[in-house]
Amino acid sequence: MAQNRRTSSSKSDPLWVRVLLTLMALTFLGLFLAMPLCVVFIEAFQQGWRLWLSSLKDPDALAAMRLSLFAVVVAVPMNTIFGLCAAWVLTRFRFKGRSALLTLIDIPFAVSPVIAGMMLVLLFGSRGWFGSYLDAHNWKIVFATPGIILATAFVTMPFVARELIPLMESQGQEEEQAARTLGASGWQTFWRVTLPNIKWALLYGIILCSARAVGEFGAVSVVSGHITGQTMTLPLHIEARYNEYSTVAAFSAASVLALLALVTLAAKTFIELRGQVRKRH
Amino acid sequence: MSFTASHKLAPTRRRKPVRPPGFGLTLGVTLAYLSAGVILPLTAVAAMASRDGAGKFLAMLGDERVLAAFKLSFGAALGAAIVDTFFGLIVAWVLVRYSFPLKRVVDAFVDLPFALPTAVAGITLTTICAPDGWVGRYFEPLGIKLAFAPVGIVIALIFTGLPFVVRTVQPILEDLDGEIEEAASSLGASRWETFRRVIFPTLVPALLTGFALCFARTVGEYGSVVFISGNLPNETEIVPLLIISKLEQFDYPAAAALAVVMLVVSFALLLAINALQVWTARRGGGR
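Residue numbers (the working numbering), protein chains in the order written: chain V, 39 to 319; chain R, 201 to 487.
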């Protein structure tokens, strides 16, 4: 009996500690995570679902949703292709400068979104490096859709690559080698061997990338120019409505993004339970 | 290339590995994307910041409003990282060691700050902390301002940074070997002593990594802060906001100078985090 008690108490904390710590954790999460999430929906529906729906059907809100969606649909595939190429070259080959490339990939995460937007202004703004060239050809990047796409792509650049690199490194290339030896071409090997092996991690990276892309605020805010109906993404639309004290309109749009966040969390958890990826950002 | 020849060699010998295809293509795409997307923009910032010489650069940074913004940004990120490291450890501990109803949901929920767009978090936290808000109204009679004050900024950053600590500490706790704890307790250590002298030291690298990640990702945060901060120059103006106001005044060299300081700090943190992660892996893997 004494032996038994010792082993059980050695790895588990006393009851009061368990209760105290659990309560502390849940209170903290409740105050900082659950309450804000509830407030979004309460504020959005405070004057009934009709007003909620009509503020979403507002032409400006619809235009903002379309632009956000468009930015995601362009930026995420760009970063997915980049992520696949980067993961392939960094895990299948050893070459000079490889570790420098690995660090370079992480840089967009270390850059404040506002600075990311500023970089685009310095490059493509009317007083930027390519400003006069763009003006001469009447191309607009900053204060137009291309700038919003580039800002979104920059901020979400590392997601897919960072998901794939550790997995492909640990999986090794024996199966690919076997396929090659049996006469498969490079593309056949990629489509039939590599891709099925990494599909969940790839999907995971794409989900994280999309979630970040649709909600990107700081970088997009700098390059958007805030032209209503033209260069307003959904987060910028929320900001504009909030600053005009249209609380219901702001929170209705916010509730759409909050719902999307919940879907993201569910999808993320689903993939994590399949065991190929570990929780990360 | 020699791989056709090598695979015809005697099969009992270990074959020279076939060189995988696509080196040129994938390296080309990666280099082009990173050069255009990361190196070129960084060069533009550095060039703009140094346009008017070192004297101007330092003068811009010595400005009172600039110094106040840096102090606020770094101070708030530091405060949030401390709070998040403390509660992040407790949350990770509870999620790994204990069981309670809906634990899996709570676990998934920890990532909410990551999934919820920052602007949504910003307006929501402001609504909660405003003087007539859900929580703010209880602090108002005490003379404590939550929103539109530095405290509000810290609150927003605590929200943003939490997942980084939890998700860094959690896997290390999961991998922790229970035998060491049993050994410690069978040698007569109390539970608290076991935690303090056996468990905690193994968690230190992960806690430091989480702390650094939390600080690095929140110091440049904009969306969740801009609504709650109040944006008063010298008082509640964070560096990213000051950068935007410099950009709006077309004072590009000043904006770039601010950005360079932020970037240098971020890159130093990035390198420190990489080094910490190597250390964490060594600690965690050495079981």
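Think of the CB as a built atom: it goes at the ideal place given N, C-alpha and C, for glycine as much as any other residue.
Roughly how many whole angstroms lie between the Cα atoms of V/SER93 and V/GLN268? 18 Å
Inset, instruction - Taking C-beta pairs closer than 8 Å, name the residues in chain R that V/TYR171 reaches, listed in chain order. - result: Ordered by position in chain R, no residue passes the 8 Å Cβ test against V/TYR171, which lies about 14 Å from the chain.
Next on the checklist: Measuring straight from C-alpha to C-alpha, what distance separates R/ALA406 and R/ILE239?
Outcome noted: 30 Å
Considering only the alpha carbon of each residue, which of R/VAL294, R/VAL369, R/ARG251 and R/GLY228 lies closest to V/THR65?
R/VAL294
Worksheet item: Mind checking V/SER264: buried by the 16 CB within 10 Å criterion, or exposed?
Response: Checking the sequence, you will find His at residue 264 of chain V rather than Ser. By the 10 Å Cβ count, V/HIS264 comes out exposed.
Proximal residues, the segment 410-428 of chain R versus chain V, C-beta separation under 9 Å: LEU413, ALA416, ARG417, VAL419, GLY420, GLU421, TYR422, GLY423, SER424, VAL426 and PHE427
Starting from R/ASP284, trace the alpha helix (DSSP H) in both directions and tell me its first and last residue.
264-297
At least one CB of chain V closer than 7 Å to the CB of R/ALA459: is that the case? yes
- [ ] Might you give, ordered along the chain, the residues of its own chain that have their beta carbon closer than 6 Å to the beta carbon of V/PHE131, omitting 5 neighbours on each side?
- [x] none
(message) Going by beta-carbon coordinates alone, are V/SER293 and V/ALA82 separated by less than 7 Å?
(response) yes
Exercise for review: Give me the Cα-Cα distance between R/GLY388 and R/VAL369, rounded to the nearest whole angstrom.
Suggested key: 27 Å
Listed in chain order, which residues of the segment 281-296 of chain R have Cβ atoms closer than 8 Å to some Cβ of chain V? PHE287, ILE290, VAL291, TRP293, VAL294 and LEU295
Q. Under 8 Å Cβ-Cβ, which residues of chain R neighbour V/TRP229?
A. The premise fails here: V/TRP229 is roughly 12 Å from chain R at the closest Cβ pair, so nothing lies under 8 Å.
- Message: So, for V/PHE168: in the same chain, excluding its five sequence neighbours on each side, which residues have a beta-carbon less than 7 Å away from its beta-carbon?
- Response: LEU161 and PHE162
Buried or exposed, going by whether 16 or more other CB atoms sit within 10 Å of the CB of V/SER164? exposed
*How long is the line joining the alpha carbons of R/LYS271 and V/TRP225, rounded to whole angstroms?*
53 Å
- Item | Proximal chain V residues relative to R/GLY352, where beta-carbon distance stays under 7 Å | Correct list: empty, because the minimum Cβ distance to chain V is about 13 Å.
**Asked** With a CB to CB cut of under 7 Å and the five nearest residues on each side skipped, what residues in its chain are close to R/PRO358?
**Response** Position check: residue 358 of chain R holds Ile in this sequence, whereas Pro was assumed. Correct list, in chain order: ALA280, VAL283 and ASP284.
- request: Compare the C-alpha of R/TYR233 against each of V/VAL301, V/ALA191 and V/ARG88 and name the closest.
  value: V/ALA191
Item to complete: Run the CB neighbour count on V/PRO52, radius 10 Å, all protein chains shown included, and call it buried at 16 or more, exposed below.
Response: exposed
- request: Please report how far the alpha carbon of V/VAL286 lies from the alpha carbon of R/THR324, in whole angstroms.
  value: 12 Å
* Same chain only: Cβ atoms within 8 Å of V/VAL78, ignoring 5 sequence neighbours per side -> PHE289, ALA292, SER293 and ALA296
### Task
Starting from the Cα of V/SER208, find the closest Cα among V/THR118, V/LEU128, V/LEU303 and V/ALA189 and give me that residue.
V/LEU128
TODO: Going by CA-CA distance only, name the one from V/LEU274, V/ILE309, V/VAL258 and V/LEU303 that's closest to V/ALA113.
DONE: V/VAL258
- Message: I'd like to know if the segment 363-381 of chain R and the segment 390-410 of chain R are in contact, where contact means that at least 3 CB-CB pairs between them fall below 8 Å.
- Response: yes
Just checking: is the beta-carbon of V/GLY263 within a distance shorter than 7 Å of some beta-carbon in chain R? no
| field | Any chain V beta carbon closer than 7 Å to R/VAL488 | value | Past the edges of chain R, shown from 201 to 487, lies residue 488 of chain R, and the structure says nothing about it.
Rounded straight-line distance, which links the Cα of V/PHE308 to that of V/VAL231: 23 Å
If we ignore side chains and look at the alpha-carbon of each, how far apart do V/ILE145 and R/LEU471 end up? 10 Å
Measuring alpha carbon to alpha carbon, tell me which residue in R/SER386, R/THR327, R/GLY237 and R/VAL229 is nearest R/GLY430. R/THR327
- request: Measuring only between beta-carbons, confirm whether V/TYR280 sits less than 7 Å from chain R.
  value: yes
*Which value, in whole angstroms, describes the spacing of the CA atoms of V/TRP229 and V/GLY243?*
18 Å
**Study point:** Option nearest R/ARG152 by Cα separation, candidates R/VAL291, R/LEU376 and R/SER299
**Key:** As displayed, chain R neither begins before 201 nor continues past 487, which places residue 152 of chain R out of reach and without an answer.
Worksheet item: Quick one: any contact between the segment 269-280 of chain V and the segment 200-220 of chain V, if contact means 3 or more CB pairs under 8 Å?
Response: no
Practice problem: Determine, using beta-carbon pairs with one atom in the segment 259-268 of chain R and one in the segment 454-469 of chain R, whether at least three such pairs fall under 8 Å. | Solution: yes
(message) Just to confirm my understanding: we take R/LEU447, look at its own chain, exclude 5 residues before and 5 after, and list those with CB closer than 7 Å. What are they?
(response) ALA455
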